[in-house]
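In this note's numbering, the protein residues as written are 45 to 367.
This report concerns only the one structure given below.
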């Protein structure tokens, strides 16, 4: 099933990308006019963007207080602020993914979305681990900490080499064990603690910049929503594809697990009813699938995604080995 949905997602990304080649041999399969019908969603988009901005501002203000007074109380408040910001991002994931599918140059937008929440990751690539106290980019005195350098280091030789995103930020702030990272890891005017505080500031700024790239002040269409829904499902499914065979050293931070397990589907179910109703007129069955998901989880949505028009044109999509 995993291979089927990844194949369908790839086809939708091609169909959504307006920069694909005009060559007849490589052009995406035709999509119906109805799939490209605009769906007014101004209120849904505005409310989601406002929630993200509110929690981002709270993070920045809490980080400033922590920098001015680095104590246990402010550190706890900073961790709470990150959790709330992460939650607002996950609750907007369907919208952001749909925007990425619809915007010009969608492949670049997809990369931006992926950078916002990249996991599993190698925590030791970014920060010191208890067993490797001098590991990580933050511990490297020869690497100037700038947003540009962090972007360059992100996924430099492996997708799990994450230096940016909510999961990476969680690793630096919370640590990788059941015991939160000690206050001493962030205190001091120089050295690694100072670089760690600098990282928190830069990584937060890059999250805001990446989110800005995914703003879209115009109606969405049915194809973009379908693509965004499939990508949201794939993001959630990734949590459940992790097995004991996963490579040693890879980690999905506890905060990432907690947030993504429930918030992604909750966000689908909490869509603006007017948007769902209009979408259902274009692609019948989506409203019922979302309603059924309240009791049955993702299964009804998975089933619906295999019936929509663009997927019927892909008879070979499901021939991969089951997983």
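We put the beta carbon where it would ideally sit given N, CA and C, even for glycine.
Cα atoms of residue 155 and residue 255: separation of roughly 12 Å, rounded to the nearest angstrom. In this chain, the alpha helix (DSSP H) harbouring residue 270 covers 266 to 285. Cβ-Cβ distances below 8 Å link residue 248 to 100, 103, 104, 107, 213 in the same chain, with the five nearest sequence neighbours on each side left out; the list follows chain order.
With contacts defined as CB atoms closer than 7 Å, residue 276 and residue 158 fail to qualify as a contacting pair. Annotation for residue 232: no alpha helix (DSSP H) segment contains it, and DSSP assigns it neither H nor E. Excluding five sequence positions before and after residue 220, the CB atoms of its chain that fall closer than 7 Å to its own CB belong to 167, 173, 295, given in chain order. The C-beta distance from residue 204 to residue 300 rounds to 13 Å, too long to fall under 8 Å, and the pair is not in contact. Look at residue 178 here: in three-state DSSP terms it is coil, with no helix or strand label.
At a Cβ-Cβ threshold of 7 Å, residue 136 and residue 307 do not count as neighbours. By the neighbour-count criterion, in which a residue is buried when 16 or more other Cβ atoms sit within 10 angstroms of its Cβ, residue 337 is buried. Going by beta carbons, residue 324 and residue 331 fall inside the 7 Å limit.
Residue 347: member of the alpha helix (DSSP H) spanning 343 to 349, first to last residue. Going by DSSP, residue 186 is part of no alpha helix (DSSP H) at all; its letter is neither H nor E. From the listed residues 305, 160, 264, the smallest Cα separation to residue 319 is found for 264.
If you look at residue 328, you'll find it isn't in any alpha helix (DSSP H); DSSP assigns it neither H nor E. Distances from the CA of residue 298 to each of 316, 126, 201, 351 were compared; the closest alpha carbon is that of 126. The beta carbons of residue 145 and residue 311 sit no closer together than 7 Å. The beta carbon of residue 283 sits closer than 8 Å to the beta carbons of 296, 301, 304, 305 from its chain, once the five residues preceding and following it are set aside; these are given in chain order. Here DSSP, grouped into helix, strand and coil, assigns residue 260 to coil. Inter-residue distance for residue 326 and residue 345 is about 16 Å (C-alpha atoms, whole angstroms). The DSSP assignment places complete alpha helix (DSSP H) segments of no fewer than 4 residues inside the segment 134 to 172 at 137 to 146, 150 to 160, 167 to 170, in order along the chain. Looking at the DSSP output, residue 82 sits in a beta bridge with 265. Classified as exposed, residue 343 has fewer than 16 neighbouring CB atoms from the shown chains inside 10 Å of its CB. Shown here for residue 82: same chain residues with a beta carbon closer than 6 Å to its own, the five before and five after excluded, namely 263, 265 in chain order. Between residue 111 and the set 322, 233, 207, the nearest pair of CA atoms involves 233.
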